[in-house]
Amino acid sequence: MVGLVLPRLVSFEGAPRRSASVAERNLAALKSAYWLVLISGFLEPVLYLFSIGIGVGALVGDLTLPGGRVVSYAGFVAPAMLASSAMTGALAETTFNFFGKMKYMKLYDGIIATPVQPFEIALGELGWAMIRGSLYSAAFLVVMVGMDLTSVGRAATAFPAAVLVGFAFGALGMAVATFMRSWQDFDLMGSAQFTLFLFSGTFVPAEAYPAVLRWVVELTPLYRSVHLIRGISVGATGWSWLLDVAYLLVLTGVGLLVASRRMGRLLYK
Amino acid sequence: MTTAQPLIQARGLVKRFGDFTAVDGIDVEVRPGEAFGFLGPNGAGKSSTMRMVGCISPPSGGELRILGMDPVRDGPAIRARLGVCPQLDNLDPELTVRENLTTYARYFGIPRRVARERAAELLDFVQLTERADSKVEPLSGGMKRRLTIARALVNNPEIVLLDEPTTGLDPQARHLVWERLFRLKQQGVTLVLTTHYMDEAEQLCDRLVVMDGGRIVAEGSPRALIEQHSTREVVELRFAADSQEAFAGKLDGLGERVEVLPDRILLYVADGDAAVAEVTALGLVPASVLVRRSSLEDVFLHLTGRTLVD
Numbered sequence: 000m001v002g003l004v005l006p007r008l009v010s011f012e013g014a015p016r017r018s019a020s021v022a023e024r025n026l027a028a029l030k031s032a033y034w035l036v037l038i039s040g041f042l043e044p045v046l047y048l049f050s051i052g053i054g055v056g057a058l059v060g061d062l063t064l065p066g067g068r069v070v071s072y073a074g075f076v077a078p079a080m081l082a083s084s085a086m087t088g089a090l091a092e093t094t095f096n097f098f099g100k101m102k103y104m105k106l107y108d109g110i111i112a113t114p115v116q117p118f119e120i121a122l123g124e125l126g127w128a129m130i131r132g133s134l135y136s137a138a139f140l141v142v143m144v145g146m147d148l149t150s151v152g153r154a155a156t157a158f159p160a161a162v163l164v165g166f167a168f169g170a171l172g173m174a175v176a177t178f179m180r181s182w183q184d185f186d187l188m189g190s191a192q193f194t195l196f197l198f199s200g201t202f203v204p205a206e207a208y209p210a211v212l213r214w215v216v217e218l219t220p221l222y223r224s225v226h227l228i229r230g231i232s233v234g235a236t237g238w239s240w241l242l243d244v245a246y247l248l249v250l251t252g253v254g255l256l257v258a259s260r261r262m263g264r265l266l267y268k
Numbered sequence: 000m001t002t003a004q005p006l007i008q009a010r011g012l013v014k015r016f017g018d019f020t021a022v023d024g025i026d027v028e029v030r031p032g033e034a035f036g037f038l039g040p041n042g043a044g045k046s047s048t049m050r051m052v053g054c055i056s057p058p059s060g061g062e063l064r065i066l067g068m069d070p071v072r073d074g075p076a077i078r079a080r081l082g083v084c085p086q087l088d089n090l091d092p093e094l095t096v097r098e099n100l101t102t103y104a105r106y107f108g109i110p111r112r113v114a115r116e117r118a119a120e121l122l123d124f125v126q127l128t129e130r131a132d133s134k135v136e137p138l139s140g141g142m143k144r145r146l147t148i149a150r151a152l153v154n155n156p157e158i159v160l161l162d163e164p165t166t167g168l169d170p171q172a173r174h175l176v177w178e179r180l181f182r183l184k185q186q187g188v189t190l191v192l193t194t195h196y197m198d199e200a201e202q203l204c205d206r207l208v209v210m211d212g213g214r215i216v217a218e219g220s221p222r223a224l225i226e227q228h229s230t231r232e233v234v235e236l237r238f239a240a241d242s243q244e245a246f247a248g249k250l251d252g253l254g255e256r257v258e259v260l261p262d263r264i265l266l267y268v269a270d271g272d273a274a275v276a277e278v279t280a281l282g283l284v285p286a287s288v289l290v291r292r293s294s295l296e297d298v299f300l301h302l303t304g305r306t307l308v309d
């Protein structure tokens, strides 16, 4: 029986708790089909690593990095695959899934009728996306260590870097998703994502590009991510990683801000 | 909270979407424990009003206080004490019936254990216990509605907002929903609902406003509205096709008002049987005669017109 004798069941612990409740919802929705999606997201970068890193690597031989350090081609490609898989995992969750939940499942229309606010939804969804992204990254790092492409210590340092990459792309993806009008718009995003994947110093050092193009490439988020993780993975010295970290932190903040603002405008009609 | 203070108070409340004014300066007061209705045709501004009261749509003008707070500034605090059943069910299709309730409870910060107990109680209340582990999608419209109502109660709200709670339901499902809402009302929960079903308004509402074109055109209890805007009884006369207009002329001055419709003539009178006697005395022989009590529908159609609004 629904009685009024029950105490008021509401607490005001604030934003972190409310964001967590949004992530918790995703955990409840986790069903068997989702595991297939999860596995495919992990397999993709591993397949790239085997086919290009090792296959093409056998033809390319070793590479000399700008610092003078010599690495195997697989050792060069692997950190880039880690960065791009962190990107892909985060984007999949925050663009496709987020858009579907907002536009078609009308999930957030139900949630905003509770004390949960758009910024908390955005934070909760991003946090959830990060759990998924981190799983990919951790698994991939295990593969890298297993193939002797990096050391355990460096892998442990690369892991939080990969999580940061996920946060940045997740926030960016969520902001972009609020501008999407229909599923067709995702084709554009897919093209952009693939272009980044090919030209962000992933398979070829950015130094190989003409000067102008190289500057453009160095401004893109995936390049900064690859630069950061590759630096850690091959044991580069110097402070240029600070720029990468700052770049990714700013991207995360701006992405979250834009996403929650846009959500507020779309939902509070 | 003192009982004298209204739970919802609107003065000159306005909602605009671009050039379109959906709600055009309405004054409303809802008191604790009452069942208050917004009655009106489609596009009258009922849902826009409900969304503003639900703190998910900022007012474009006027004043609005809910539970003594400002909906724009104190949105989360107000929403924590409201239960909302929107016009279109927005249940979570990826969760089961039970999970829809427990997950929703978590958005309010209700501890997991309490959420599970509460979900079980509410499933029982809306008679969905047997479907607890089913997904939402295969449920019938009536079941989904009941689940949405249960979800609106998960935080033990002080005010429950119901936007067209029974639209699209079959008669059995409607009656079940009414019965459950009536029980809530008996427990002292304040209900605010919109509807275009007259019987729903008559059954559930202590007080209601009739909205048309974003404005309030009448206000009062269902009984008072009928007394004020209609007569005690209505006589419906049907004549053979084509002859309607001819007869209508002869009925002038009979009762308070004569309304000629394409298929019948309505006489608004105090005493139906007496009016039928007068019609017969005039030598008119209708094909059929129906004497009935005046209903909210008569008031509604009188106030908002018979033109179809989409």
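For the protein sequence lines, the chains are L and Z, in the order given.
Using numbering that gives the first Met the number 0, the letters of the first sequence correspond one by one to residues 0 to 268.
Using numbering that gives the first Met the number 0, the letters of the second sequence correspond one by one to residues 0 to 309.
Glycine included, each C-beta is placed from N, C-alpha and C at the ideal position.
Scanning E93(Z), A119(Z), Q86(Z), D88(Z) for the CA closest to the CA of T101(Z) turns up A119(Z). Setting aside the 5 residues that flank it on each side, V275(Z) is surrounded in the same chain by V234, V288, V290, each with a C-beta closer than 8 Å to its C-beta; the list follows chain order.
Contact with chain Z is absent for M262(L), since none of that chain's Cβ atoms lies less than 8 Å from the residue's Cβ. Assigned with DSSP and collapsed to three states, I7(Z) falls in strand. Judged by DSSP in its simplified three-state form, E235(Z) adopts strand. With a beta-carbon spacing of about 6 Å, Q116(L) and P75(Z) fall inside the 8 Å limit used to define contacts. The DSSP assignment places complete alpha helix (DSSP H) segments of no fewer than 4 residues inside the stretch 67–146 of chain Z at 74–78, 96–106, 111–124, in order along the chain. Identification of chain Z residues near T113(L) by a Cβ-Cβ cut-off of 8 Å yields R78, A79, Y103, Y106, F107, N154, ordered along the chain.
Neighbourhood of L94(Z) in chain L, by CB distance below 8 Å: R24, A27, A28, in chain order.
Cβ neighbours of C54(Z) within its own chain (closer than 6 Å, five residues either side excluded): P70, G74, I77, R78.
The Cβ atoms of M80(L) and F168(L) lie no closer than 8 Å to each other. With a contact defined as Cβ atoms closer than 8 Å, L255(L) and A128(L) miss out at about 12 Å.
Identification of residues in the stretch 54–76 of chain Z having a C-beta nearer than 9 Å to some C-beta of chain L yields C54, I55, S56, P57, G74, P75, A76, given in sequence order. Using a Cβ-Cβ distance cut-off of 8 Å, the stretch 145–160 of chain Z and the stretch 119–134 of chain Z are in contact, since at least three pairs of beta carbons, one from each stretch, lie closer than that value. At a beta-carbon threshold of 7 Å, none of the residues of chain Z lie near I130(L); the nearest stands roughly 17 Å away. Proximity to Q4(Z) across V29(Z), K14(Z), F19(Z), F37(Z) peaks at V29(Z), based on C-alpha coordinates. Taking C-alpha positions only, L163(L) is separated from T194(L) by approximately 21 Å.
Using a Cβ distance threshold of 8 Å, G36(Z) and L192(Z) count as a contacting pair. Burial state of A210(L) is exposed, judged by a 10 Å Cβ sphere holding fewer than 16 other Cβ atoms. Cβ atoms of M143(L) and A82(L) stay farther apart than 8 Å, at about 12 Å. Residue-level contact check: V176(Z) does not touch chain L, since none of the beta carbons of chain L fall below 8 Å from its beta carbon. In this structure M188(L) does not touch V203(L) by the C-beta definition: roughly 24 Å separates them, more than the 8 Å allowed. In this structure, V257(Z) and L266(Z) form a Cβ contact; the two beta carbons are roughly 6 Å apart against a cut-off of 8 Å.
Excluding the 5 residues flanking it on each side, W240(L) has same chain C-beta neighbours closer than 6 Å at L227, G230, in chain order.
Not a single C-beta of chain L is nearer than 8 Å to the C-beta of V22(Z). Residue contact check for S20(L) against chain Z: a CB pair falls below 8 Å. Within the DSSP secondary-structure output, M210(Z) pairs in a beta bridge with I215(Z). No Cβ-Cβ contact shorter than 8 Å links G60(Z) with V113(Z). At a cut-off of 8 Å between beta carbons, E98(Z) contacts chain L. The beta carbon of D91(Z) sits closer than 8 Å to some beta carbon of chain L. Neighbours of V209(Z) in chain L, taken as residues whose beta carbon is under 8 Å from its own, are absent, since the nearest beta carbon is some 25 Å off.
For a cut-off of 8 Å, the C-beta gap from V159(Z) to L127(Z) is around 18 Å, too long to register as a contact. Annotation for S293(Z): I225, S229, T230, R231, E232, V233, Y267 place their beta carbon closer than 8 Å to its own, counting only its chain and skipping 5 residues before and after. Judged by DSSP secondary structure, G36(Z) falls within the beta strand (DSSP E) whose first and last residues are 34–38. The beta carbons of L295(Z) and A200(Z) sit about 6 Å from each other, so the pair counts as a contact at 8 Å.
In the structure shown, K45(Z) adopts helical secondary structure according to DSSP, grouped into three states.
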